[in-house]
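Asks:
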Amino acid sequence: MERSEADWHKPPGDGTAVRTIRKIGCVALSVIRPVRLFLLNKFIMKIPIACVRLPLVRLYLTLGHNSNILTNTQILDGSLRRRQIVIGDHSVINSDCVLDGRIGRILIGNCVDIARGTYIFTLEHDPQSDTYACKSGDVVIEDYAWIASRAIIRPGVRIGQGAVVAAGAVVTRDVPPMTIVGGVPARKIGVRTSRLQYRHHYFPLLR
27 MERSEADWHK
37 PPGDGTAVRT
47 IRKIGCVALS
57 VIRPVRLFLL
67 NKFIMKIPIA
77 CVRLPLVRLY
87 LTLGHNSNIL
97 TNTQILDGSL
107 RRRQIVIGDH
117 SVINSDCVLD
127 GRIGRILIGN
137 CVDIARGTYI
147 FTLEHDPQSD
157 TYACKSGDVV
167 IEDYAWIASR
177 AIIRPGVRIG
187 QGAVVAAGAV
197 VTRDVPPMTI
207 VGGVPARKIG
217 VRTSRLQYRH
227 HYFPLLR
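Just so it is clear: in the sequence shown, position 156 is 182 by this note's numbering, and no numbers are missing.
Here it is, written out as structure tokens:
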């Protein structure tokens, strides 16, 4: 088979060089990602001064105006993209929460209050899988939602505008707007009647 003109001008071993560069890039990323996440969770999220902590946190995720993520929140996102976890304006993520953006995205709206110790997952194992496979889904929390302490939100859930999740609830399905849910699994226990005329501005000292 005759070589084309492009082949004659192609440096010898060019394909091997490209493969080598790709392998080096993959190895570098496999090191950079966990190191980057380690620095975030073990050092940056321990900084008790918001004006120092938050600019560094914004290197990892999208955080809106006047929003705060308090200390000791664990962020699970090995990617180098800031769009896996997006938080709107005037929202608060309190201490000791878990934001799992490993596969699915977490999209949090404006004026959302997520209380201490809340776990938000976008990835979990399928208990019905013969191979212990994983399943994932985005979590969307709309404006003015209020998630009380120690709640757990599972993958694929959407929490509507103004909805309230009671303390300790496990949310396994969508929550309609202005609905109050509680229990395990979470079920409707009330209706919220607030006009939602507020904005959060929560920047406590040394937290």
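The beta carbon of each residue, even a glycine, is placed where N, CA and C say it ideally should be.
As the structure is a prediction and not an experimental result, all values here were calculated from the model.
From which residue to which residue does the beta strand (DSSP E) around Asn166 run?
Replies: For clarity, residue 166 is Val in the given sequence; the question names Asn instead. Start and end: Val165 to Ile167.
Asks: Hey, quick one: how far does the beta strand (DSSP E) through Arg213 stretch, first residue to last?
Replies: Arg213 to Val217
Asks: Locate the beta strand (DSSP E) running through Cys160, then write down its first and last residues.
Replies: Cys160 to Ser162
Asks: Tell me which same chain residues have a C-beta within less than 6 Å of the C-beta of Val190, skipping the five on either side of it?
Replies: Closer than 6 Å at the Cβ level, and outside the excluded window around Val190, lie Trp172, Ile206 and Arg218.
Asks: Does the beta-carbon distance from His226 to His151 come in below 8 Å?
Replies: Cβ distance not < 8 Å, so His226 and His151 don't count as in contact.
Asks: Output the distance between the C-alpha atoms of Val183 and Thr198, rounded to the nearest integer angstrom.
Replies: Approximately 7 Å, taken between the alpha carbons.
Asks: Roughly how many angstroms separate the alpha carbons of Gly163 and Asp200, rounded to a whole number?
Replies: 12 Å
Asks: Is the beta carbon of Leu102 closer than 8 Å to that of Gly127?
Replies: yes
Asks: Helix, strand or coil, according to DSSP, for Val78 in the structure here?
Replies: helix
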